[in-house]
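Chemist: So for the sequence shown, our numbering puts the first residue at 25; every next one is plus one.
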Amino acid sequence: MKVIKVKKKKILIPEAWEDLNFKEKVFTFKILIRVLRGDLKDMPHAGLLKLLIKFTGYKPSSGLWRRFRISFRFGWEVFWIYLLNIPFLIKYGRKEYREYARMLTVVHRPDPEAEEREKEIIDIGLLRLAEQIDFVYAIDTENMKIIPKYTFRINPIPWIRIGKQIYTGKRFFLDVTASTDITARCFVDALDLLMVMDKVTNREDRDECINKICAMLYPAIPDHNENILSGHANLMRHLDPVIKFAIVYWFTGIVQLFREHPTYRILFDNNKTTSEDREDKISIGMNEIALLLKKEGYGDPIDMNLIDYFDAQVKALKDTISKAVGDGVKPEKIAQKTGISLTTINRLS
C-alpha cells in the first residue's frame, strides 16, 4: 500500500491487485469492463477516480457543501462587521454607518473566480491521487487509448462458487520466477479458445468459449480430458459474467507474460509477420508443437507442467536450429522459412 498525506490525514492507496479484498476486485473488474468497452472513452480518468473513492473513501466536499461553508463564513463576517463598527454608528450616524458597512461587506464578499480556481485545484489534486492507482490500466493521453495491465502475482479469483459447489482455480505465482500447476495441455486448449474468441462475432459462440476456458481453469475433475468431457463448461453459464471476465483477463495476462518473456518470446516471433509473408514460412500451432514434443520424448502435454513445456520448446528449437546449421543450411534460409529473426537464430545455433 502507498501512504499519501493529504492535508491532515493519510490515505492508503493499493499498489497491486493483491492489496484488494474480493469485493474491491469485483468492483475494479466492473470498472475495467466499462473502460475497455468504451463506456468511459471520453473521460477514461473517471474510472480511476471511481476506484480511488472505492479504495480509500476519500473525496473532496461536494460543491453544495463548499458553497454553504463559504456563505456561512461570509454571513458571520458581515455580522461582525456591523457589530464591531457600532462606535462608527454613534459617531457618524445611521446613514454613514450603513454605507461604511456595505463597503466593508463588498470587500469581504467571496470572489466567484477564486472559488472556481479552488475547485480546479481540488480536481487536479484528486486526479493526481487517482493516477497513483497504476496497476489496473494506463491512459495514453496523446492517442486517447486505454492500455490494459496484467500485473497479477497470483490468481485474483482463487475459487468460484456455483450453487453450493466450490471449484478451486489453477495457480500461477509470479515472483522472481514463475511457478504454476497449469499443464501444457490445459494452457494450449485454453489459448486456442482465447484466439477463437478474437475471431468470432456471434455472442453465443464467444460466451461458449469463455465458459470452456473457465471450466478448464477451474476444473471439476483433475484429469483434463475427463473434465472437458464431463460437461463442466455448461455449469459456467451460471457464473457471474464479471467473474468470468476476471478469469479470462487473468489468463490473458499469463499469455502476455510468455509473449514478453526475454527467453520464451522467441517462440512467438514467427507470429509477428504479416499474412502475406507467412505463405512461404513454416508455421505450426501450439497443439502441433505439444504433439511434436511428445513424439521427440520431451514429455506428455497432459501431465507436463507449463513452465517445463516452454523450456522444452526452447530446447527443441535450439536442437533443430543447431542440427540444420550443422547440416549446412544457412541461417538466412532458416530465418526465411521459419519467420524467426536472424539474430535469434544466431543466438540459438
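Note that the Cβ used here is the ideal one computed from N, Cα and C, for glycine as well.
Nearest-angstrom Cα distance between residue 53 and residue 222?
Modeler: C-alpha separation (whole angstroms): 20 Å.
Chemist: Could you give the residue range of the beta strand (DSSP E) that holds residue 189?
Modeler: 189–192
Chemist: Distance, Cα to Cα, residue 330 vs residue 279?
Modeler: Put simply, the backbone Cα of residue 330 is about 11 Å away from that of residue 279.
Chemist: Report yes or no: do the stretch 173–182 and the stretch 262–282 share at least 3 C-beta pairs separated by less than 8 Å?
Modeler: yes
Chemist: For the alpha helix (DSSP H) that residue 274 lies in, which residues bound it at each end?
Modeler: 265–284
Chemist: Kindly indicate which three-state DSSP category residue 27 falls into: helix, strand or coil?
Modeler: strand
Chemist: Pull up the distance between the alpha-carbon of residue 181 and that of residue 240, whole angstroms please.
Modeler: 14 Å
Chemist: For residue 199, count neighbouring C-beta atoms within 10 Å of its own C-beta (all shown protein chains included) and say buried if the count is 16 or more, exposed if not.
Modeler: Within a 10 Å sphere around the beta-carbon of residue 199 sit fewer than 16 other beta-carbons, which makes this residue exposed.
Chemist: Just the Cα atoms here: how many angstroms apart are residue 352 and residue 56?
Modeler: 52 Å
Chemist: Is it right to say residue 236 is buried, meaning 16 or more other beta carbons lie within 10 angstroms of its own, or is it exposed?
Modeler: buried
Chemist: Using the beta-carbon count (16 or more within 10 Å), is residue 189 buried or exposed?
Modeler: exposed
Chemist: Determine contact between the stretch 153–161 and the stretch 250–266, defined as no fewer than three beta-carbon pairs at a distance below 8 Å.
Modeler: no
Chemist: In chain order, what residues of the same chain have a beta carbon less than 8 Å from the beta carbon of residue 186, not counting five sequence neighbours either side?
Modeler: 259, 260, 262 and 263
Chemist: Out of curiosity, what's the CA-to-CA distance linking residue 152 and residue 72?
Modeler: 10 Å
Chemist: Using only alpha-carbon positions, find the residue among 61, 368 and 333 that is nearest to residue 346.
Modeler: 368
Chemist: In the DSSP assignment, what are the bridge partners of residue 185?
Modeler: 190
Chemist: Ignore the nearest five residues each way along the sequence and tell me which others in residue 170's own chain have a CB closer than 7 Å to its CB.
Modeler: 59, 60, 68, 161 and 163
Chemist: For the beta strand (DSSP E) holding residue 163, just list the boundary residues, first then last.
Modeler: 161–164
Chemist: Classify residue 355 as helix, strand or coil using the three-state DSSP reduction.
Modeler: helix
Chemist: Determine whether the beta carbon atoms of residue 64 and residue 70 lie at a separation below 8 Å.
Modeler: yes
Chemist: Which value, in whole angstroms, describes the spacing of the CA atoms of residue 355 and residue 337?
Modeler: Going from the Cα of residue 355 to the Cα of residue 337 covers about 19 Å.
Chemist: Residue 211 by DSSP, collapsed to three states: which one?
Modeler: helix
Chemist: Give every residue of the same chain whose Cβ lies closer than 6 Å to the Cβ of residue 256, excluding the five residues on either side of it in the sequence, and list them in chain order.
Modeler: 239 and 244
Chemist: Buried or exposed: which applies to residue 253, given that a residue is buried once 16 or more other Cβ atoms fall within 10 Å of its Cβ?
Modeler: exposed
Chemist: Going by DSSP, what residue range makes up the beta strand (DSSP E) through residue 12?
Modeler: One cannot answer for residue 12 here, as it falls past the ends of the chain, which runs 25 to 373.
Chemist: Excluding the 5 residues flanking residue 49 on each side, which residues of the same chain have their C-beta closer than 6 Å to its C-beta?
Modeler: 180
Chemist: Measuring only the C-alpha atoms, how far is residue 196 from residue 342?
Modeler: 27 Å
Chemist: Nearest by alpha-carbon distance to residue 289: which of 364, 247 and 251 is it?
Modeler: Among 364, 247 and 251, the Cα nearest to that of residue 289 belongs to 364.
Chemist: Please state if the CB of residue 333 and the CB of residue 214 are separated by a distance shorter than 8 Å.
Modeler: no
Chemist: Quick check on residue 27: buried or exposed, where buried means 16 or more other Cβ atoms within 10 Å of its Cβ?
Modeler: Counting of Cβ neighbours within 10 angstroms places residue 27 among the exposed residues, the total staying below 16.
Chemist: For residue 306, count the other beta carbons within 10 Å of its own beta carbon; 16 or more makes it buried, fewer makes it exposed. Which is it?
Modeler: Summary for residue 306: the model assigns pLDDT 36, below 50, so the residue's position carries little reliability; its value from the coordinates is reported in the next sentence. Residue 306 is exposed by the Cβ-count criterion.
Chemist: Could you check what DSSP says for residue 169 in three-state terms: helix, strand or coil?
Modeler: Strand, per DSSP.
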